Amino acid sequence: MATINISGIAIPRLSFGVGSLMKWAPGHASPLPTDSSIEVQQAIDAGFRHFNTGDLYTNNESFAKVLRRSNLERSEVFLSFKLNTYASLGCRGRDHMIQNVKDEIERFGLEGYIDILQLHFPPRGYAGNMTNREAWRVLEDLKDQGLARIIGVSNWTLPDYHDIFNASDLKHPPQLNEYEFNPFLLFDPKIRQLHDFEVKHNIVPMNYGVLTVISGRLPTENSTALLQKLEEQSKQTKLPAADLLLSWAYYRPDAGIVVTSTSKADRARKTFELLSAEESPVNSQIYEEIEKAAELDGPDVASCAVFSSYLEIRRHNLHAFGPNGLRILLKELNYPAAIHHRVSIPRRILQHHQCFPTPTHASRKCLNLFRLYRIPTLCGGSQHVQEELMMSLFVLYSFLALLASGWLFRHIRSCLPAPEAYGPAFARWTGVWYIWKIWQGNYEVYDIEAHKNGSRKVVRIAPLMYSIDDPAMVRVIYGISSPFPKSKWYDAFGDPRIPNHNLFSARDRAMHGLMRRKVASMYSMSTIKSYESHVDSCVALLLSCFDGFAASGETFDLQLWMQCYAFDVIGKITFGRHVGFLESGGQDLDGIMRALEDGNAFSTISGVSVALLPILLILYGNPVRGITGFARRLQLESIEDDLTEKTGGETFLAKVKRLQKEAPEECERLRVETVALTGNVAAGSDTTSISLTSALYHAITTDGVVERLYEEVESQGLCSNPDQRITFDQAQQLPYLQMVIKEALRVHPAVGLPMWREVVGSGLEIDGNHFPPGAIIGINPWVAHRNVDVFGADAAGFRPERWDPQYTSTKTLEAMDQYYLPFGAGSRTCIGRHISHLEMVKLIPELIRRYEFESVGGELKTVNRWFVKPQKVLFRVKRRGTGA
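With the sequence shown counted from 1, adding 85 to any position gets you the working numbering.
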């Protein structure tokens, strides 16, 4: 292992960081107490001897225990420890900091000293903090007392250094600075200035976050050159993208200490072996190409990376700065331009890790999107002038756009004959009412009431926009031979620069057919069954989590855990590996769950009115960055040797790569990679988790359903060995289970808005009304499934027996099937429905035979912004037959 000499002390250049191993509870700003003993022991076994932690980390106790009970000599262990300086996070001044150091030395069994002691963040005198100079004096005293051998800082910028280097009483200058670094940041002017200063003063860099490039946190639409280069080099060198980035950071000529982390034993071993070699595993030309690609993508990505990291660390502490918290934070991050222009960014952006480092950067991103959608910016002049004015013109533009929209709608209303229909009077002239119902998140409730359970066939919800409830119209509107294309509303779910961007947003019927046929075999039931072993591994992980809930009596959110399960299944069958949601204890990894919710809201609303883009951009940022980045990271982590697993079928990624090799131009034209990989990530968890939650919630809360399900499973001899997985074929032989699932999808379909189509040709007649060309019509599955003429007087209730041919006539069953729309209809039927069915029939009987459920959350609450997603579905479980 290579070392670096700091004041005559040889420090290992590879450090294992424990901070990223902390676990976070969904919706909580602070990390949970975390046991990282397994991960630390794996790192020790792999060969790591330098460890990086801090007193704000919640896994230090488990880390210290592993270190104390190891057989390592004190001279073999090197500890970098970051000391908190923020009053709002518990720092109470000089004496408190010194006592903290003494306590940590004792806890870790360090025999009197810490190897590297750092100030975690520059305190800068804000909100009761010490000044930088005051905090640095504490470290100088600790060094003089022999409690620290090397002293340094973390996340300090050039102005912070000036605070202490300009002091006349400086005794010991900083010897080390720990900060985020990746190929993008190589070209950030601030980082370059910082690097030059540190070289001049012999300050060693300690770098973390090099894998940010493939973590999904960066705006991937601005970083395509680097990501493509990494994918290309991964194939060429047979090294994962993560290894290429780590070796780039480690073997650079001016590299210092590199901090990395992993929860997987094999990954820890491979990383240590990779970076223990005296020479780089690849030639320097590879690194040069990485840097050129990063430079091509531009410096904005670098600024975004740094700003994102600071917000991620600091978002829970903004309240400490009072009403001016954002401005103070921007000043801390050395963004004076943002303060000068008095930028106001909603706190929600900070909480969700959006990246607007300067008004220029934010304005440029907005301008680019405006040009993309061909929206006028209302300001002329040079590019610089437009960027400076954009932020201040948001409100004005939105107001004028709404006025223009109102005039336009009135003009359309006067020019195009539209049928009279029931609906809000306001909806005759503007779509604002519809947008408001979407924003409220309960549109399906209004739609059901307006249609009066099937007695009212047409409801107007916006100008020339109608919700339909008529079983006879399913084939007319959605049938394979229907001439009606998807409406322009679907454009918002794709990249506006790319026509027919994905299967969902493709409006061209012929192109959609070509795109679908190209990947259809990947989604056939026979192919999906080959992934059963992958689903089994995810079921086992979920059962392990539920066993923990049963043992502790802890209340848990059923919807969250169903989404974790669905995400891990999608990751396993698409990329050949668990994504890690279940293993992480239900964390929202990389914020992808939140990104999906925000992306749905952004697209659903902007699809109705593009004039709202400025507001939506402020609220949600770029809607696709997190989703595409997450999918890209999973793809880059899967090198060719790992694409097909011995125990399961060929992954989607392997199939896509094979198709691309056979017909690269056709695959590019038909968007195969986007359809099969990004599409799986974007659509594969929400719909399945909603359906699973509905099935379990209604089965558990409806008298007699769980009991009958358990009896059916037991009657097939499937309860004798609960540790042996129920096979797909066995589950298919459980008729009542199939009825429960079908009824759950009827009562609570995932989609909660009408599936919009545009009337073309000579128009369409419905219930005596003529709909002219250009009118938008659609059937809402929630409305269709409440139609009493089709599903009976109890259509609003959950009754699986309605699908039993012993009690329901064949004619009625056929009528219900024709108006059953949980996966859409016709050629646009959801291509992934077999994956969802496999996940559901595999999991539900496993849970029913193993646990008794108790609902503690009351009535089911939902939010509908395209998908009707349950909120906080709280349950407790206990193992069957244990009495506890």
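Cβ atoms here follow ideal geometry from the backbone N, Cα and C, with glycine treated the same way. Since we're looking at a predicted model, the values are computed, not measured.
Just the Cα atoms here: how many angstroms apart are residue i and residue j?
| i | j | result |
| --- | --- | --- |
| Ala510 | Gly539 | 21 Å |
| Leu152 | Gly213 | 35 Å |
| Glu472 | Leu702 | A caution first: Glu472 carries a pLDDT of 43, below 50, which makes its placement in the model unreliable, though a value can still be read off. Spanning the two alpha carbons is a distance of roughly 15 Å. |
| Leu312 | Leu744 | 20 Å |
| Arg950 | Arg159 | 57 Å |
| Thr893 | Arg887 | 6 Å |
| Glu380 | Thr297 | 16 Å |
| Asp351 | Phe737 | 24 Å |
| Gly917 | Lys957 | 26 Å |
| His286 | Glu747 | 56 Å |
| Phe392 | Ala512 | For Phe392, the predicted model reports a pLDDT of 46, less than 50, meaning its position is unreliable; a value from the coordinates is still stated below. Near 42 Å, if we compare the C-alpha coordinates of Ala512 and Phe392. |
| Phe578 | Leu697 | 15 Å |
| Gly769 | Trp221 | 51 Å |
| Pro858 | Met550 | 12 Å |
| Thr812 | Gln801 | 12 Å |
| Val844 | Asp632 | 53 Å |
| Asp808 | Thr947 | 34 Å |
| Val791 | Ser611 | 30 Å |
| Glu850 | Phe938 | 49 Å |
| Tyr936 | Tyr795 | 10 Å |
| Ser637 | Lys963 | 9 Å |
| Asp576 | Glu373 | 39 Å |
| Gly714 | Arg754 | 21 Å |
| Val103 | Ser622 | 27 Å |
| Asp874 | Tyr904 | 11 Å |
| Met86 | Asn368 | 20 Å |
| Leu338 | Phe272 | Looking at the sequence itself, residue 338 is Pro, so the reference to Leu does not match. Cα-Cα distance, rounded: 16 Å. |
| Met678 | Ala625 | 22 Å |
Measure the beta-carbon distance from residue i to residue j and round it to whole angstroms, keeping in mind my assumption that it falls under 8 Å.
| i | j | result |
| --- | --- | --- |
| Leu928 | Tyr650 | 7 Å |
| Val654 | Val620 | 6 Å |
| Val766 | Ala686 | So it is not a contact: roughly 18 Å between Cβ atoms. |
| Tyr616 | Ile658 | 4 Å |
| Pro955 | Pro907 | At roughly 15 Å, the Cβ-Cβ gap does not stay under 8 Å, so Pro955 and Pro907 are not in contact. |
| Phe952 | Val836 | 7 Å |
Taking 7 Å as the threshold (C-beta atoms), are residue j and residue i in contact?
| i | j | result |
| --- | --- | --- |
| Trp841 | Trp574 | yes |
| Ile91 | Val295 | no |
| Ile183 | Asn217 | no |
| Gln672 | Lys108 | yes |
| Phe282 | Gly132 | no |
| Met291 | Ile236 | no |
| Asp593 | His586 | no |
| Gly508 | Arg545 | yes |
| Ala334 | Ala378 | no |
| Leu830 | Glu797 | no |
| Phe206 | Asn240 | yes |
| Thr347 | Ala340 | no |
| Gly911 | Ile565 | yes |
| Phe666 | Leu719 | no |
| Asn144 | Leu174 | no |
| His257 | Lys228 | yes |
| Pro556 | Gly846 | no |
Starting from residue i, follow the beta strand (DSSP E) in both directions and report where the run begins and ends.
| i | result |
| --- | --- |
| Glu939 | Tyr936 to Ser940 |
| Ala547 | Val543 to Ala547 |
| Tyr264 | Leu261 to Glu265 |
| Asp889 | From DSSP, Asp889 is part of no beta strand (DSSP E); its letter is neither H nor E. |
| Ser239 | Ala233 to Ser239 |
Which residue comes first and which comes last in the alpha helix (DSSP H) that contains residue i?
| i | result |
| --- | --- |
| Thr88 | That residue, Thr88, is in no alpha helix (DSSP H); its beta strand (DSSP E) goes Thr88 to Ile91. |
| Asn185 | Arg179 to Phe193 |
| Gln648 | Leu643 to Phe660 |
| Gln818 | Unbroken run through Gln818: none, as it is neither H nor E. |
| Val517 | Val517 to Gln525 |
| Gly598 | Arg594 to Val604 |
| Ile199 | That residue, Ile199, is in no alpha helix (DSSP H); its beta strand (DSSP E) goes Ile199 to Leu204. |
Compute every distance between the C-beta of residue i and the non-hydrogen atoms of the ligand MN, then say whether any falls below 6 Å.
| i | result |
| --- | --- |
| Asp675 | The model on display carries no ligand, and the ligand MN is accordingly not part of it. |
The stretch 524–535 / the stretch 853–868 touching (three or more Cβ pairs under 8 Å): yes
For the stretch 229–238 and the stretch 184–200, state whether three or more C-beta atom pairs, one from each stretch, are separated by less than 8 Å. Touching, per the Cβ criterion.
Does the stretch 782–789 come into contact with the stretch 590–607, if we say contact requires no fewer than three beta-carbon pairs (one atom in each stretch) closer than 8 Å? Three or more beta-carbon pairs separated by less than 8 Å are not found between the stretch 782–789 and the stretch 590–607, which leaves the two stretches without contact.
How do the stretch 159–168 and the stretch 116–127 stand: do at least 3 beta-carbon pairs fall below 8 Å, yes or no? No: fewer than three Cβ pairs fall under 8 Å.
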